[in-house]
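Asker: Starting off with a structure, shown below.
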């Protein structure tokens, strides 16, 4: 049982462009699970870890930035799968640098085994951990990691 001290911890789970097409888009790369499957996994993992989540997806960079801004003062951590914005968005990096909590970057596929332009992620410059190539289980790993870090922070206080 996770201690009650982190029950108020909020984790924002942010998903970028084309992730709404999971299960349809390149299943050989991304698998057959849908975004709803990802959300269900995140909610179940959060419940077991004693944290709350807010789950978002957008194909629009500005909406993702707005959610990062919204997390400031509300969330203890962010799980972000910026998708293609990983490789292009300094704006998302800048927004994450304004966020004072933990950040876990998740990629369903192994970006380092794909095209060379996918090997660099601006978001990784801010991320406390990067999980790549574990399929949707990467979200579970990220939430578990963040919940444990948040728990240890609260115990140190």
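Numbering (our numbering), first residue to last: 1293 to 1449.
The beta-carbon is built from N, C-alpha and C at its ideal position, and this holds for glycine as well.
Note that the coordinates shown come from a computational prediction; the quantities given were computed from them, not determined experimentally.
In or out: residue 1361 buried (at least 16 other Cβ within 10 Å) or exposed?
Answerer: Exposed: under 16 other Cβ atoms inside 10 Å.
Asker: Below 7 Å CB to CB, which residues in the same chain sit around residue 1393 once its five sequence neighbours on both sides are set aside?
Answerer: 1367, 1368, 1369 and 1370
Asker: Helix, strand or coil for residue 1316 per DSSP?
Answerer: coil
Asker: What do you reckon, are the CB atoms on residue 1422 and residue 1378 nearer than 7 Å?
Answerer: no
Asker: Give every residue of the same chain whose Cβ lies closer than 7 Å to the Cβ of residue 1417, excluding the five residues on either side of it in the sequence, and list them in chain order.
Answerer: 1385
Asker: Assign residue 1432 to one of two classes, buried (16 or more other C-beta atoms within 10 Å of its C-beta) or exposed (fewer than that).
Answerer: buried
Asker: How would you label residue 1372, buried or exposed, when you count the other beta carbons within 10 angstroms and need 16 or more for buried?
Answerer: Counting C-beta atoms within 10 angstroms of its own C-beta, residue 1372 has 16 or more neighbours from the protein chains shown and is therefore classed as buried.
Asker: Can you name the start and end residues of the alpha helix (DSSP H) that residue 1385 belongs to?
Answerer: 1382-1390
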